[in-house]
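Participant: Submitted below is the structure of interest, expressed as C-alpha cells.
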Amino acid sequence: MKHRLYREQQLNCDIETAWKFFSSANNLSKITPKEMNFVVRTKMENDEIYEGMNIDYYVSPLFGIKMKWRTKIIQVDYQKSFTDFQEQGPYKLWHHHHEFIPNENGIFMKDTVDYELPLGFLGEIAHSILVKKKVEDIFTYRYKILEEMFNKNTAK
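Remember, our numbering sits 1285 above the position in the sequence shown when you count from 1.
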C-alpha cells in the first residue's frame, strides 16, 4: 500500500540560497538524524543536480543496519522543484518531490513523499509499528535543523 508524507516549512532566505542548499546531495547528511549514519557515496565535481543524475548513499534506517540507497533525479525545474526516485534501497517505492515557492517572507518549501514498503502484508505491519513513525521523525528532525539554519534570527 502506498503512503504519503507531506510537510511544509517557511524559510527565511532567498531562492538562490534555498536551491543551492537543497539541490546539493552533500547537504543531506546535515539534515538527517546522526544515528542513521547517512553518507553520500557519489563523488560530485559540482553540486548542480540534473535530470537522470544518480546519487548513491549508505544509510542505517533501522537498528543500525547499513544499507545502500540509490536515488535518481527524475525531474528538475530550476529553482522551483525537483524530484528524486529510489532506484535501490529499503523501500519498494520512494518518490520525493521538493517544491520551493518564493513569497514575501522568503521561501515556502513543500516536501511530498510517496512511499511503499516491500513484503506486502508484512510490510504494512512494519509500517504501522515502526516505519511510519521513523519517516515522520526524520522529517521532524529536518524541520528542527532547518529552523535553526534558516530561521533562528527571525522574530516569531
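Where a beta carbon is used, it is the ideal one built from N, C-alpha and C, also for glycine.
1) Quick one: complete alpha helix (DSSP H) runs, 4+ long, within the region 1370 to 1416?
2) Can you say whether T1356 is buried or exposed, counting buried as having 16 or more other CB atoms within 10 angstroms of its CB?
3) State the DSSP-derived secondary structure class of K1328, mapped to helix, strand or coil.
4) Quick one: grab the DSSP three-state call for S1366.
5) Among K1377, Y1426, G1337 and M1434, which residue has its Cα nearest to the Cα of G1405?
6) Could you have a look at S1290 and say whether DSSP puts it in helix, strand or coil?
7) Just confirm the distance between the C-beta atoms of N1322 and S1345, as a whole number of angstroms; I'd bet it's less than 8 Å.
8) May I ask you to report which of helix, strand or coil DSSP gives M1338?
9) What did DSSP end up calling I1300 once you bin it into helix, strand or coil?
Facilitator: Taking the structure as given:
1) 1405 to 1411
2) buried
3) coil
4) strand
5) K1377
6) Per the sequence shown, the amino acid found at residue 1290 is Leu instead of Ser. If DSSP states are grouped into helix, strand and coil, L1290 belongs with the strands.
7) 4 Å
8) coil
9) helix
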